[in-house]
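Read the structure below first, then the notes.
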Amino acid sequence: MVIYRSLTMLLSSLGFIVILVALSTNYWQVARAPWDMVHSGLWKICPDSYVKVTRSILITTSLAIFICIFFLVFSIMPCSGNIKINYLLASISAFLAAIIVYTAESWNKNIDPKIKVCFSWSFYLGWTAVPILLLTGELTNKTRLPGRENDPGYLTSSHACSAAFTL
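Quick note, in the working numbering, the sequence shown goes up one by one and the last residue is 169.
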């Protein structure tokens, strides 16, 4: 029980740091030409409105993950062990939706065949946060006391998967 709580705190903090680094850097895409190299991200170039929407979803999600970490800290204390995982699931789902939209919208944006456009390390760092946060949610389920499955705030893995697919 204690090992799951420690791992939950470690992974949630790691996921939050990974998301903050991914959001704050401008290496989401790199365009390499024989004469120059240009990198761009969420903050450097925002030509269309979908980038603004994706940016706002990612910022809101990172704030929601911070709030979830705050709740996880208090769930370790014995007086408030009944944490609801719905907030964590919602923030992970919102981050996943935002990063999928960004990937889909910028997949085939290469106009000039001489210029090679590819995703860079900030983009992959953002995708790395998704499995880390999903694992955090699963470990949060393991911190529950046995016999509390009928609790309204209890969420099993099957509930989490079905809730994620319905969003």
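Every residue gets a Cβ at the ideal spot worked out from N, C-alpha and C, and that includes glycine.
In this structure, DSSP gives Ser-42 an extended state, which the three-state scheme calls strand.
Counting along the chain, no alpha helix (DSSP H) covers Ala-35, and no H or E run does either. Under the three-state reduction of DSSP, Lys-144 is assigned to helix. Comparing C-alpha distances from Leu-137 to each of Phe-68, Ile-5, Leu-9 shows the shortest one belongs to Leu-9. Under the DSSP assignment, Lys-118 falls in the beta strand (DSSP E) whose first and last residues are 118 to 121. Contact between Thr-63 and Ala-100 holds: CB atoms are separated by about 6 angstroms, below the 8 angstroms threshold. In the DSSP annotation of this structure, the continuous segment of the alpha helix (DSSP H) that includes Thr-10 starts and ends at 4 to 26. Here Pro-115 carries a coil assignment [DSSP, helix/strand/coil].
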